[in-house]
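S.K.: Position one of the sequence shown corresponds to residue 2 (my numbering), numbered consecutively onward. Using N, Cα and C, we set each Cβ at its ideal position, and we do this for glycine too. These numbers come from a predicted model, not from an experiment.
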Amino acid sequence: MGKAAAAEAASILISAIKKKGNAVLVAATGASQFEFLENLTRISSIDWSKTTMFHLDEYIGIPETHPASFRKYLRERLIDKVHPGTVYLIKGDAENPELECQHLSEVISEKKIDVAFVGIGENGHLAFNDPPADFETERPYIVVMLDEACRRQQLSEGWFKTLDEVPKRAISMSIRQ
């Protein structure tokens, strides 16, 4: 399935670049993205220098060097392999998460997203918007509380050793975005 999804994503990116000279994408993380990203990075016909990448979500309070950091994940599995033209990563360890949301919201509001590489979590979460999510939020990036089911999924995927280590808050792209 990852190979087919990568081929479709590549087609969308190539088409956007051909049509308007650039492509804007949103990249996600998680075990569901392994095969997809591995295959996507092998497709040489994408001119990655003409892409702008946004990051879907990130834990609050962990540095990029932490094994569970989504920034680390995206650098290792996507960014360092294909070198997108412009990259906007969420600084989960920013001193003020609300200001980080505001900054990213301002930047992404000036763009039209062509494709988002996302999955749905075991508890139905999209990005880090746990059910029942707020569909009315208009801000592109928000601070969210992670419910226990979502946190348990992160634990079961091996990103953390104990549930207590899993952060309780994150910065996430909103549902409406």
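Quick check on DSSP: helix, strand or coil for H126?
M.R.: The residue labelled residue 126 in the question sits at position 125 within the sequence shown. Annotation note: pLDDT 49 at H126 (below 50); position unreliable, no value reported.
S.K.: Just the C-alpha distance for E166 and G3, rounded to the nearest angstrom, thanks.
M.R.: Position 165 of the sequence shown, counted from the start, is the residue given in the question as residue 166. Position 2 of the sequence shown, counted from the start, is the residue given in the question as residue 3. Rounded to the nearest angstrom, the two C-alpha atoms are 30 angstroms apart.
S.K.: Since R72 is in the alpha helix (DSSP H), which residue starts that stretch and which ends it?
M.R.: For the purposes of this step, residue 72 is taken as the residue at position 71 of the sequence shown. In this chain, the alpha helix (DSSP H) harbouring R72 covers 71-75.
S.K.: Count the C-beta pairs between the region 102-115 and the region 67-83 that are closer than 8 angstroms, then say yes if the count reaches three, no if not.
M.R.: no
S.K.: For a test of the three-state rule: what should DSSP assign to D58, helix, strand or coil?
M.R.: Working through the sequence shown from its first residue, we reach residue 58 at position 57. Strand, per DSSP.
S.K.: Counting contacts by CB-CB distance shorter than 8 angstroms, is I91 in contact with chain D?
M.R.: In the displayed structure, chain D is absent; only one protein chain is listed.
S.K.: Ends of the alpha helix (DSSP H) at I13?
M.R.: Looking up residue 13 in the sequence shown gives position 12. Start and end: 3-21.
S.K.: Let's test the definition: count the other Cβ atoms within 10 Å of the Cβ of L159 and tell me whether it reaches 16, buried, or not, exposed.
M.R.: Indexing the sequence shown from 1 puts residue 159 at position 158. Strictly speaking, residue 159 in this sequence is Gly, with Leu absent from that position. Answer is exposed; the Cβ neighbour count stays below 16.
S.K.: Look at the alpha carbon of E139 and the alpha carbon of S175, and state the distance between them as a whole number of angstroms.
M.R.: On the sequence shown, position 138 is the one that residue 139 refers to. On the sequence shown, position 174 is the one that residue 175 refers to. Near 8 angstroms, if we compare the C-alpha coordinates of S175 and E139.
S.K.: I need the boundaries of the beta strand (DSSP E) containing L26, first residue and last residue.
M.R.: Taking the first residue of the sequence shown as 1, we reach residue 26 at position 25. Here the beta strand (DSSP E) through L26 covers 24-28.
S.K.: What are the boundary residues of the alpha helix (DSSP H) that includes S157?
M.R.: Counting from one through the sequence shown, the residue named residue 157 turns up at place 156. From DSSP, the alpha helix (DSSP H) with S157 extends over 149-157.
S.K.: In three-state terms, what does DSSP make of I47?
M.R.: The sequence position of residue 47 within the sequence shown is 46, counting from 1. The answer is coil: DSSP assigns I47 none of H, G, I, E or B.
S.K.: Secondary structure at R170, three-state DSSP: helix, strand or coil?
M.R.: One-based indexing of the sequence shown puts residue 170 at position 169. Looking at R170 - three-state DSSP - the assignment turns out to be strand.
S.K.: Among the residues of its own chain, which have a CB less than 6 angstroms from the CB of S70, if the five just before and after it don't count?
M.R.: For the purposes of this step, residue 70 is taken as residue 69 along the sequence shown, with counting starting at 1. Closer than 6 angstroms at Cβ, skipping near neighbours: I63.
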